[in-house]
Every structure is written in C-alpha cells, then in structure tokens.
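Counting from 64, one number per residue, gives the positions in the sequence shown under this note's numbering. Glycine is no exception: its CB is placed at the ideal position from the N, C-alpha and C atoms. For reference, the structure is listed below as structure tokens.
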Amino acid sequence: MECHVGVIKGDGIGPEIVAEAKKVLDKIGGKYGHTFRYEEILMGGCSIDATGVPLTDEAIAAAKASDAVLMGSIGGNTTTSPWYKLAPELRPEAGLLKLRKSLNLFANLRPAYLYEELKEACPLREDIIGDGFDMMIMRELTGGLYFGARETKEVDGAMTAVDTLTYNEHEIRRIARRGFDIAMKRKKKVTSVDKANVLDSSRLWRKIVEEVAKDYPQVVLEHMLVDNCAMQLVKNPAQFDVILTENMFGDILSDEASMVTGSIGMLSSASLNDTKFGLYEPSGGSAPDIAGQGIANPIATILSAAMMLRYTFDLDKEADAVEQAVRQVLKDGYRTIDIMPQEEEKRLTVKQVGTGEMGDLICARI
Numbered sequence: 064m065e066c067h068v069g070v071i072k073g074d075g076i077g078p079e080i081v082a083e084a085k086k087v088l089d090k091i092g093g094k095y096g097h098t099f100r101y102e103e104i105l106m107g108g109c110s111i112d113a114t115g116v117p118l119t120d121e122a123i124a125a126a127k128a129s130d131a132v133l134m135g136s137i138g139g140n141t142t143t144s145p146w147y148k149l150a151p152e153l154r155p156e157a158g159l160l161k162l163r164k165s166l167n168l169f170a171n172l173r174p175a176y177l178y179e180e181l182k183e184a185c186p187l188r189e190d191i192i193g194d195g196f197d198m199m200i201m202r203e204l205t206g207g208l209y210f211g212a213r214e215t216k217e218v219d220g221a222m223t224a225v226d227t228l229t230y231n232e233h234e235i236r237r238i239a240r241r242g243f244d245i246a247m248k249r250k251k252k253v254t255s256v257d258k259a260n261v262l263d264s265s266r267l268w269r270k271i272v273e274e275v276a277k278d279y280p281q282v283v284l285e286h287m288l289v290d291n292c293a294m295q296l297v298k299n300p301a302q303f304d305v306i307l308t309e310n311m312f313g314d315i316l317s318d319e320a321s322m323v324t325g326s327i328g329m330l331s332s333a334s335l336n337d338t339k340f341g342l343y344e345p346s347g348g349s350a351p352d353i354a355g356q357g358i359a360n361p362i363a364t365i366l367s368a369a370m371m372l373r374y375t376f377d378l379d380k381e382a383d384a385v386e387q388a389v390r391q392v393l394k395d396g397y398r399t400i401d402i403m404p405q406e407e408e409k410r411l412t413v414k415q416v417g418t419g420e421m422g423d424l425i426c427a428r429i
C-alpha cells in the first residue's frame with residue numbers, strides 16, 4: 064500500500080518527536096511492504112515566522128490532498144514568545160482550530176491507558192490504581208465555546224468579553240454515534256459527560272445522546288456531570304470505558320486523564336472526520352523549555368502513528384506491531400526522563416534514554 068502522509072512538524076519538540084514517528088512508520092513499511100510518502104506542511108509558530116500567518120490556504124489544500132496528517136506540537140512559551148503578542152487569530156493555536164474546522168475533524172479520540180511497567184509513574188495510590196485502567200475519551204472537536212461567536216467590547220464603561228457556547232442536534236448526534244460505535248468494540252460502556260444541571264447546551268446534549276443510545280442496546284449508558292467526572296478520574300479511573308463529551312470539557316478531562324497515566328508524553332490522539340481521513344498528534348504540548356535537548360518522549364507521537372495505521376489505512380496488524388513494540392521497550396526497562404521512577408532504588412532498575420534512542424529501540428522490536 065502507498066500512503067500519502069502530510070507531516071506538520073510544528074514547533075518546540077515537534078520536529079524531534081515527529082522524526083521518531085516517521086522512523087517507526089518506515090520500519091513498518093519495510094517489514095510489511097508499504098510505502099509512506101511524506102509531504103511537509105507548515106502550521107503554527109513556524110508558519111507565522113515564514114508566512115506571517117499560522118496556517119495558509121496552501122497548507123490546508125496540502126492537508127486535504129493527503130490520506131492522513133501526522134502532527135507534532137505547535138506553539139511556544141505564551142509569556143515570552145513574540146507569537147503571543149499577535150492578535151488571537153494570528154497566534155499558533157488559531158491555525159490548529161482553523162485546520163480542524165477546514166477538515167471537518169469533529170471526533171477526537173484520546174486513549175488513556177496505564178502500562179503495567181509505568182504504574183510507579185502514576186500519581187495515584189496503588190489501591191486506587193488496582194489492575195490499571197483503559198479508557199477512550201471521545202471529544203467533540205469542532206463546536207462549542209471554541210468555535211462560537213465571541214467579542215470583547217465596552218459595556219456601560221466596563222470591558223466585557225463574551226464567548227458563545229453553541230451546539231445543534233446534528234453535531235451532537237454524529238459524535239455520539241462515533242462514541243457508541245467505538246464502545247461496541249471495547250467494553251460496551253459510554254459515560255456521557257455534561258453540565259445538564261446548569262447549561263441548555265448540555266440538556267440538549269443529554270437528550271440527543273439518549274436518543275442515539277436506543278440504537279445500541281448492548282451498550283450501557285450513564286450520564287455524569289463534568290465536575291463529578293473530574294473527581295472520579297482520580298478516585299476510580301477503572302470505572303470508565305468510553306467518555307463522550309463536548310469540546311471544552313473534553314479538552315480538560317483528557318489532559319487530566321493523561322497525567323493519571325503518569326505522563327502526557329505517553330498519550331496519542333486522533334481527530335477524524337466522516338471519511339477515513341484523520342489528523343494524528345500527541346496529546347501534549349510543544350514543551351519549548353526542552354526543545355532541542357533530545358530528551359522529549361516520542362512515544363505519544365509513535366502511538367499516534369499507530370492510530371493512523373489503524374483508523375485511516377485499516378492496517379490493524381501493523382498498528383498492533385507498533386503498540387506491542389512500545390510495550391516491549393517499556394518491559395525491557397527503557398525510559399525517557401519524564402517517565403523515570405522518582406525513587407532512587409527504582410531508578411537503578413531502568414535505563415534512561417533520549418528521544419532518538421527510544422525511537423531506535425521501538426524500531427528494533429517491530
């Protein structure tokens with residue numbers, strides 16, 4: 064199979080971690096007879112430096128012409144970078160929002176899985192961790208507060224900011240169906256998260272999700288308020304299978320879930336539209352403070368590439384091979400700095416490696 068992959072290296076550690084994901088894809092291609100053809104696409108701060116805007120029309124066209132897009136991380140230090148002195152619509156993250164909207168990437172999948180070998184990195188007590196957890200956070204990605212009308216103006220002598228939270232039933236129904244479809248392939252449980260005790264948008268969300276649930280009688284549906292869900296993620300994460308929620312709630316909860324696994328550097332993500340096209344990226348940020356040091360954890364980006372193999376190219380066997388290689392490297396005792404044990408005696412039982420070496424180790428086990 065020939066696979067045309069758009070590549071957004073991005074900013075900060077983005078180029079370093081994307082390089083390792085490409086290395087793994089090329090190893091898969093060599094072993095299983097596939098060809099990965101890469102086309103670089105500018106987005107984020109690097110695009111601002113080169114073109115004056117975070118995302119050009121040409122970049123959008125290149126992304127649309129690809130089978131899938133593999134992305135690193137975008138943005139920089141929000142207090143010191145000159146990018147954040149620009150108008151909001153010209154900042155790096157504006158490019159990402161524009162790309163999601165332009166490609167209709169409404170479904171964001173963020174798995175949160177605790178590896179047995181990384182239990183010591185989990186900040187929760189051992190009795191809470193138990194036998195570990197394996198959840199999928201399904202976040203609606205093109206609606207809600209992030210895409211609603213907004214303005215800042217003076218009202219009665221006071222500067223006033225307004226952000227509009229809007230969802231229609233069609234937006235809710237399509238993400239709900241995707242969530243239930245994924246639950247059918249997992250443990251057949253959906254936890255729909257909202258704020259229906261306060262928000263009209265959440266009351267509509269709950270109504271539509273209940274309608275969709277009727278088409279999936281094998282799936283258990285429960286509703287949970289977002290504040291309770293935030294608490295339950297650190298009280299009993301094993302109770303969750305698929306968490307289905309709107310844009311802003313999903314943004315916050317998925318980051319919380321990532322830290323419960325021990326490091327955001329371990330968590331992959333996929334953003335999908337109605338076709339096989341997807342944007343695949345790590346859940347973490349650009350970490351400009353460690354950029355160029357060769358210590359960033361590339362595993363989340365490598366696992367995002369595995370999701371690309373699975374969801375866009377239907378290469379389940381190849382995706383399994385990547386995921387198994389990651390597990391084996393961890394089992395063999397290799398760690399990047401972010402997942403090193405805190406206790407000195409435990410640090411003696413593993414070996415710290417850098418970004419490139421971690422990628423090489425994973426390739427060697429495919």
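Under the three-state DSSP convention, the category G422 falls into: helix
Contacting residues, own chain, Cβ-Cβ under 8 Å from E386 (five flanking each side not counted): L366, A369
Buried or exposed by the 16-neighbour rule on C-beta atoms within 10 Å, applied to E214: exposed
Span separating the alpha-carbon of T254 from that of L267: 16 Å
Beta-carbon spacing of M106, L162 below 8 Å: yes
Alpha helix (DSSP H) segment containing T114, residue limits: 108–114
Candidates L153, G396, G138: closest to T114 by CA position: L153
Residues bridged to E103 (per DSSP): V70
Secondary structure of M403, DSSP reduced to three states: coil
Supposed close pair V256, F312 - CB separation, criterion 8 Å: 6 Å
Collapsed DSSP secondary structure at L342 in the structure displayed: strand
Through-space distance from G347 to V116, alpha-carbon basis: 23 Å
Touch test, the region 376–386 against the region 156–171, Cβ-Cβ under 8 Å, three pairs minimum: no
Test item: CB-CB of P345 and S334 under 8 Å: no
Stretch pair the region 300–309 + the region 241–250: three plus CB contacts closer than 8 Å: yes
Spatially closest choice to E83 from I429, R428, E420, by CA coordinates: E420
Same chain only: Cβ atoms within 6 Å of H67, ignoring 5 sequence neighbours per side: R100, S129, D130
Simplified DSSP assignment, three categories, for I429: coil
Under the three-state DSSP convention, the category Y374 falls into: helix
Counted within 10 angstroms of its Cβ, other Cβ atoms place P145 as buried (16 or more) or exposed: exposed
Cut-off 6 Å between Cβ atoms - residues of its own chain near Y374, not counting five sequence neighbours on either side: A333, G341
Anticipated Cβ contact below 8 Å, E319 with A293, distance rounded: 6 Å
Candidates I91, G139, F196: closest to I353 by CA position: G139
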